[in-house]
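The structure appears right after this line, and notes come after that.
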């Protein structure tokens, strides 16, 4: 998988995530999606770039802002939307919801909604990969908010002591819900230097640049497959929307949002592809048309899917 | 039949599993080089090596979580807490992850994992080291909880727990690790969710589990001396618990006392009592009586701790108050 990359496909994936999230927002307003809904809008380049480097035997572990990672991992867009609609055809048969997306066949291991709770789970998946002597690895996404949980330290230490094949991928979008990370973290907004404590190699990358993210991840993945133990990447990124659909964003100015929006990968990246002569504008347009249709059909699929049978309440409690 | 301790019975089940199934491994604090705080794992590191007997840092959340992840990936970890009180530190992982994952994933995930912990008071460890949180965990759907009272049950329940495809919490009464009992040589297992009628009788039913079985049996002996025919039931499993066996017994004896070695309030016996009230009240000649330890933080002083712990006399008082026996 490494080396060769379909640069146009990276755009397709990012655009799919963007359009999917827009559709989610619309259907949330209509009341067809309920609960908490956290959109990945603005952060597409991080998830798509990082996950594009992985192979079939690798695991992807995500947080509650998980739609983008799921789509980048190839989780079926129809079943994903159906899950958000709470329908029987959803990835978890409507029992999980937006924050709990799983597709084990794809190695997509959730969707975890207790901040930082997914870190040791990811370490355990990596432990199994190591124990079984596979060449697989686990990538674990988390946000800056997760770094202030005690389990963050515990997991970094454990992974380093056991040299686990795990890539810790920090999506630093500068805010834990409505709290700027600068207000609640000693030592500023850079996390990667702190990894020296654990002797975990760490790099910073521009999370708005899908190719840069991909390159940094490729390097880290190669090291892990080479048996060098856990690696850490910090992508500086930004969500253009509120923490959830319930967020009025009173805690930050529109100027800051606009500043980041100038670096929107959905606009910047295709322009770059055109300039580099890698794509023609009609190719970009065609991708957009196709993806728009895919998302529209996903909404249609979800809307037309049945509600779960009430007998499902008692299924899947125990194996 | 040879006699072994409860500690050795647990170790035998673990050792058998390590020998027969390469996906079984252990994690915990001081289980390897040190040999285990209660010596259950003593000698296993030497026999099975550090990949399968993994000493962990003092990071309960991380190693329980890592156990869950490994189980999700198809391994069968046995994770040890040094004390059930320390499980509180990792409750998020046990409840939000281990127990919920299967349901949240619509049945895509199973978590075949054993979590073991010594439980209970009685050796003057004070409030933070003497608790019995198997009662809290028994409420959580998506996992099972067992608590053996003797070496035979410890071996049979642990064998079943390791083979189970769900998270199983094994609460091990710390005061009973040295308790001896006879063990047959065959590879019997004990079904999780089934109680054991350990003594048959017709006048009154005493129900307990774990360490509570010791004062329960003492009380039963005294009642027998007085000519009372006592039926004793060992729950063995707290989740799911076997209400059917208790109801059957009550239909015969028409009298029941529920005995919990843990604090009385919110214990498993509260659930048993509620169920009995609902489905066996027409069979009962008196109130469903409950005995438990006093609802205070566990004190250190021996005299205070012994007073807080329920004992056989408390059981006899309940029998007398409830049924005049």
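Residue numbers (my numbering), protein chains in the order written: chain A, 12 to 330; chain B, 328 to 652.
Every residue, glycine too, gets a C-beta built ideally from N, C-alpha and C.
*What is the C-beta distance between residue 138 (chain A) and residue 396 (chain B), in whole angstroms, given that I count them as a contact (C-beta under 8 Å)?*
7 Å
*So residue 564 (chain B) packs on residue 590 (chain B), CB below 8 Å; how close in whole Å?*
Contact flag wrong, Cβ pair sits at about 20 Å.
*What's the gap between the Cα of residue 96 (chain A) and the Cα of residue 24 (chain A)?*
For the pair residue 96 (chain A) and residue 24 (chain A), the Cα-to-Cα distance works out to about 22 Å.
*So who's on the other strand from residue 442 (chain B), going by DSSP bridges?*
B:406, B:496
*With burial defined as no fewer than 16 other Cβ atoms inside 10 Å of the residue's Cβ, what is the status of residue 511 (chain B): buried or exposed?*
exposed
_How far does the beta strand (DSSP E) with residue 422 (chain B) in it extend, from its first residue to its last?_
Premise fails: residue 422 (chain B) is in no beta strand (DSSP E) and is neither H nor E.
_Taking beta-carbon pairs under 8 Å, can you tell me which members of the stretch 175 to 206 of chain A lie near chain B?_
none
*Comparing the C-beta of residue 280 (chain B) with each C-beta of chain A, is any distance below 7 Å?*
A question about residue 280 (chain B) goes unanswered here, because the residues of chain B that appear run from 328 up to 652.
*With 8 Å as the limit, tell me which residues of the stretch 383 to 395 of chain B have their beta carbon closer than that to any beta carbon of chain A; keep them in chain order.*
383, 384, 386, 388, 389, 390, 391, 392, 393, 394, 395
*Hey, is residue 435 (chain B)'s beta-carbon within less than 7 Å of any beta-carbon in chain A?*
yes
_Nonlocal neighbours in the same chain, by C-beta distance under 7 Å from residue 645 (chain B), ignoring five residues either side_ = 584, 616, 618
*Among all the DSSP beta bridges, which residues are the ones paired with residue 332 (chain B)?*
B:507
*List the endpoints of the continuous beta strand (DSSP E) containing residue 70 (chain A).*
70 to 72
*asked:* According to DSSP, is residue 188 (chain A) part of a helix, a strand, or is it coil?
replied: Reduced to three states, the DSSP call for residue 188 (chain A) is coil.
*Is the shortest distance between the beta-carbon of residue 430 (chain B) and the beta-carbons of chain A less than 7 Å?*
yes
*Within the stretch 333 to 367 of chain B, note down every full beta strand (DSSP E) run reaching 3 residues or more, in order along the chain.*
Counting only runs of 3 or more, we get 351 to 355.
*Grouping DSSP H, G and I as helix and E and B as strand, with all else coil, what is residue 326 (chain A)?*
The answer is coil: DSSP assigns residue 326 (chain A) none of H, G, I, E or B.
*Cβ-based neighbour list, residue 284 (chain A), same chain, cut-off 8 Å, excluding 5 preceding and 5 following*: Non-local beta-carbon contacts of residue 284 (chain A) in its own chain, meaning distances under 8 Å to residues more than five positions away in sequence, involve 18, 19, 22, 290, 295 in chain order.
*residue 531 (chain B) lies in the alpha helix (DSSP H); which residues open and close that run?*
Run containing residue 531 (chain B): none in the alpha helix (DSSP H); it sits in the beta strand (DSSP E), 531 to 535.
*Beta-carbon proximity list for residue 12 (chain A), same chain, < 6 Å, skipping 5 on both sides*: Confidence at residue 12 (chain A) is low in this model, with a pLDDT of 41, below 50, so the placement of that residue should be treated as unreliable; the coordinate-derived value is given next. Contacts found: 66.
_Whole-Å CB distance - residue 478 (chain B) paired with residue 332 (chain B), under 8 Å assumed_ = 6 Å
*Given 8 Å, three or more beta-carbon pairs between the stretch 427 to 439 of chain B and the stretch 591 to 602 of chain B*: A contact is defined here as three or more CB-CB pairs under 8 Å, and the stretch 427 to 439 of chain B fails this definition with respect to the stretch 591 to 602 of chain B.
*Which same chain residues, not among the five before or five after residue 507 (chain B), have their C-beta less than 6 Å away from its C-beta?*
330, 332
*Going along chain A, which residues have a C-beta under 9 Å from residue 402 (chain B)?*
135, 138, 139, 142, 143
_Would the stretch 552 to 564 of chain B count as touching the stretch 635 to 642 of chain B if we require 3 or more Cβ pairs under 8 Å?_
no
*Does any residue of chain B bring its CB to less than 7 Å from the CB of residue 111 (chain A)?*
The beta carbon of residue 111 (chain A) sits closer than 7 Å to some beta carbon of chain B.
*Tell me the start and end of each unbroken beta strand (DSSP E) in the stretch 533 to 612 of chain B that is at least 3 residues and wholly inside, in chain order.*
Correct list: 557 to 561, 564 to 566, 583 to 590.
_Contact residues within the stretch 490 to 503 of chain B, judged by C-beta distance below 7 Å to chain A_ = 492, 493
_Measuring CB atoms only, is the stretch 224 to 242 of chain A touching the stretch 166 to 183 of chain A, in the sense that at least three cross pairs come out at less than 8 Å?_
yes
*Short check: CB of residue 209 (chain A) to CB of residue 246 (chain A), under 7 Å?*
Result no, Cβ atoms of residue 209 (chain A) and residue 246 (chain A) do not sit closer than 7 Å.
*Near residue 89 (chain A), which residues of its chain fall below 8 Å by C-beta distance, leaving aside the five closest residues on each side in sequence?*
100, 308, 309, 312, 313
_Quick check: is the beta carbon of residue 317 (chain A) nearer than 7 Å to any beta carbon in chain B?_
no
*Given a threshold of 16 other Cβ atoms within 10 Å of its Cβ, counted over all protein chains shown, does residue 377 (chain B) qualify as buried or as exposed?*
Its Cβ having fewer than 16 others within 10 Å, residue 377 (chain B) is exposed.
*Would DSSP call residue 246 (chain A) helix, strand or coil?*
strand
*Thinking C-beta only, is residue 543 (chain B) closer than 7 Å to residue 550 (chain B)?*
Taking 7 Å as the Cβ cut-off, residue 550 (chain B) and residue 543 (chain B) do not qualify as a contacting pair.
_Ordered list of alpha helix (DSSP H) runs contained in the stretch 185 to 225 of chain A, each at least 4 residues_ = Complete alpha helix (DSSP H) runs here, min 4: 192 to 195.
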